[in-house]
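The C-terminal position of the sequence shown is numbered 466 in our numbering, with every residue numbered one higher than the one before it.
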Amino acid sequence: MSVINYFFEKHIEKCKRELEDFEKNRLKEVREDLRVETRKYIEEINNFLSSINAESYTDFKGFNSKIKNFNEELNRIMKASTNISTLVYAIQNVSEDDFYTYTDFISSFSYDENKFNNASERDIKYLKLLDKYLQKINGDFEVYKERGDLKAELGLYNEAIDDYKKALELNPNYNEAKQALKRTENDLDIHNFINNNSLIIIH
């Protein structure tokens, strides 16, 4: 499996988790008469994600196009489901269309195949080795910390944070993991500040 496809496989897994979270926690925000339509789009995108063989996938442009269409439909439904005063737009100094753009879906579902060009095949082999080890022995806090370090180096801040938290769950006194967690959370804040605009989205 190539470097790109390894991360694409992880990306697909993340998309599925976020869709599940949306269906569980955000669907209640959808207007009742639009819920059937919303579930249809969620089912369609889930089927699309499940049909992908990440190991050999190459049509990333087509993937992002499909995801973009999904986001547009979801945003349309969420916009129709929400009743916000026009005063809010004035206060936020944004247009109505921009206010209702769910950038969290767009940014986290689209895939940049060039994002991990700096990752080496050795990095991927080592990550896969750690993944397999933790599938068999998931109580090794030091290995969670080690995998977190590698993910942080590759810019996978959220995944690294999850690994550090797991290491601390297994060993609350693991100071190296505490320091790594704090450092990586700070790196993530900086990354988000640089890459995100200042638009505040109210759900």
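Here a beta-carbon is modelled for each residue, glycine too, at the ideal position from N, C-alpha and C.
Please read all numbers here as calculations on a predicted model, not as lab measurements.
Neighbour-count burial assignment, residue i, 16 or more Cβ in a 10 Å radius
| i | result |
| --- | --- |
| phenylalanine 456 | exposed |
| histidine 274 | buried |
| glutamate 422 | buried |
| isoleucine 267 | buried |
| leucine 290 | exposed |
| threonine 321 | exposed |
| isoleucine 400 | exposed |
| isoleucine 387 | buried |
| isoleucine 453 | exposed |
| asparagine 334 | buried |
Through-space distance from residue j to residue i, alpha-carbon basis
| i | j | result |
| --- | --- | --- |
| leucine 392 | lysine 303 | 38 angstroms |
| leucine 390 | arginine 294 | 43 angstroms |
| methionine 341 | asparagine 438 | 43 angstroms |
| asparagine 332 | leucine 451 | 28 angstroms |
| isoleucine 369 | serine 313 | With a pLDDT of 45 at isoleucine 369, under the threshold of 50, the predicted position of this residue should be treated as unreliable, though the coordinate-derived value follows. Their backbone Cα atoms lie some 19 angstroms apart in a straight line. |
| alanine 440 | tyrosine 420 | 14 angstroms |
| lysine 279 | aspartate 394 | 19 angstroms |
| alanine 443 | aspartate 296 | 47 angstroms |
| asparagine 338 | lysine 324 | 21 angstroms |
Bounding residues of the alpha helix (DSSP H) (the contiguous stretch that carries residue i)
| i | result |
| --- | --- |
| lysine 291 | Looking at the DSSP string, lysine 291 is not in any alpha helix (DSSP H), and its letter there is neither H nor E. |
| tyrosine 396 | 384 to 399 |
| serine 328 | 323 to 344 |
| asparagine 421 | 420 to 433 |
| aspartate 237 | The first residue shown for the chain is 264 and the last is 466, placing residue 237 beyond what the model contains. |
| tyrosine 304 | 298 to 313 |
Whole-number beta carbon distance between residue j and residue i, since they are thought to touch under 8 angstroms
| i | j | result |
| --- | --- | --- |
| asparagine 434 | serine 373 | Contact doesn't hold; Cβ gap of about 37 angstroms is too wide. |
| phenylalanine 311 | lysine 329 | 6 angstroms |
Can at least three beta-carbon pairs, one atom from the stretch 405 to 413 and one from the stretch 296 to 316, be found at a separation below 8 angstroms?
no
Below 8 angstroms, can you find three or more Cβ-Cβ pairs linking the stretch 426 to 444 to the stretch 409 to 417?
yes
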